[in-house]
Amino acid sequence: MTGTKIDGKLIAQSVKDRVKQAVNELKKQDINPCLATVLVGDNPASATYVRNKHKACDEVGIATKDHKLDANITQLELNKIIDELNSDKSVHGILVQLPLPDQLDEFATTSRISPLKDVDGLTPHNAGLLAMKKAALVACTPSGVMEMFDFHDIDLEGMNVVLINRSNLVGKPLYHLLLQENATVLTCHSRTKNLTELCQNADIVITAVGDRNKFTLTQDMIKEGAIVIDVAISRHNDKLVGDADYDDIIQKASFATPVPGGVGPMTVAMLLKNTITAASLSSQIG
Ligand code: GUN
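Quick look at the structure:
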């Protein structure tokens, strides 16, 4: 069988259309939603991601503030900038692009962000709320994946899901979101034994390794009619690739996401949605 493409660009556009309407409503209440981004250093991939996020904000009428910081900035200096953004009433969302240079501590940085402005859902406060099914701000890539299931009316109840990632940004939030929809979730990682066998038994495989030299998800590793969500994006032989070759996997899967044009656009769309949520939260609090 040849499966159905889960078109991230199309689904992201439907999210953006809804966000645009919400932006207009907020503006009628004199709230001008604004996202502040912080980019430390000159990692070209990170610079591209941040540029894309600004462009998407522009498209839906969200204002942006752009902080490009020297690669050698200290933790104290970065903390000061985050503190300023936390107390700036015109800023509703704060995104510090990851990864950070080695001298900076990722946890110290992201947990410094006010939970009300934490559009990445990375603060201990918001991560904890997610585990208790009470989160307003959830990490963008995981919520984008859930939006894709919803768009295609894929009922997750009772599904066996293999998740190949355990990061704070992808695997852990996805685990909670899937569990909340009554899926059975197995979180795998580099030290998991019998990964191929586990994948072969899964109804859904969500993969986010991002290094083709270490891992490729191939047709023989999934069961007929499985759903494959490819969260990874990396450069391999001068091409942007995921963990799977879409043209290969779609011949056996019932649904699959391409790379590029799959999960990537969803991450950006959900960031816009979170910024609107953060702007609404701030208006309720004053
Ligand atoms: N780097 C790669 N993905 C992300 C993301 O979703 N948020 C942040 N802050 N950094 C990232």
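In our numbering, the protein residues as written are 13 to 298. From the three backbone atoms N, C-alpha and C, an ideal C-beta is built for every residue, glycine too.
Contact annotation: I245 and V217 have beta-carbon atoms that are not nearer than 9 angstroms.
Cβ-Cβ distances below 8 angstroms link T228 to D255, A256, D257 in the same chain, with the five nearest sequence neighbours on each side left out; the list follows chain order.
A heavy atom of the ligand GUN is found nearer than 8 angstroms to the CB of T279. Closer than 8 angstroms to some heavy atom of the ligand GUN: that does not describe the Cβ of D70. Taken atom to atom, the span from the alpha-carbon of A265 to that of N172 is near 15 angstroms.
Annotation: the stretch 117-198 contains the following complete segments of the beta strand (DSSP E) (minimum length 3 residues), in chain order: 172-176. Under the DSSP assignment, K205 falls outside any beta strand (DSSP E); it carries neither an H nor an E label. Taking the Cβ of L110 as the reference point, at least one heavy atom of the ligand GUN falls within a distance shorter than 8 angstroms. Within the same chain, P45, L47, I74, H104, G105, V131 come within 7 angstroms of T287 by CB-CB distance, once the 5 residues on both sides are set aside. Per DSSP, the continuous beta strand (DSSP E) segment holding T49 begins and ends at 46-52. Classified as buried, H188 has 16 or more neighbouring CB atoms from the shown chains inside 10 Å of its CB. Proximity to R203 across Q25, K235, R178, G133 peaks at R178, based on C-alpha coordinates. Ranking M282, I234, K251 by CA distance to the CA of D260 puts I234 first. Unbroken alpha helix (DSSP H) stretches of 4 residues or longer found wholly inside the stretch 18-91: 20-40, 56-72, given in chain order. The Cβ atoms of A68 and K21 do not sit closer than 9 angstroms to each other. Buried is the label assigned to Q109, since at least 16 other Cβ atoms lie within 10 Å of its Cβ. Considered as a whole, the stretch 214-254 harbours no complete run of any alpha helix (DSSP H) with no fewer than 4 residues. At least one heavy atom of the ligand GUN sits closer than 8 angstroms to the Cβ of A151.
At least one heavy atom of the ligand GUN lies closer than 8 angstroms to the C-beta of S58. For the stretch 258-293, the full-length alpha helix (DSSP H) segments reaching 4 residues or more read 258-261 along the chain. Excluding sequence positions up to five before and after T76, its CB lies within less than 6 angstroms of the CB of L47, H66, C69, all in the same chain and listed in chain order.
Shortest gap from the CB of D132 to any heavy atom of the ligand GUN: under 8 angstroms. Remark: the C-beta of L107 is in contact range of the ligand GUN, defined as less than 8 angstroms to any heavy atom. In the DSSP assignment, V103 is bridged to no other residue. Burial of K129 is indicated by the presence of at least 16 other C-beta atoms within 10 angstroms of its C-beta. Remark: C-beta atoms of Q87 and Q41 do not approach each other more closely than 9 angstroms.
Under DSSP, T16 forms a beta bridge with F267.
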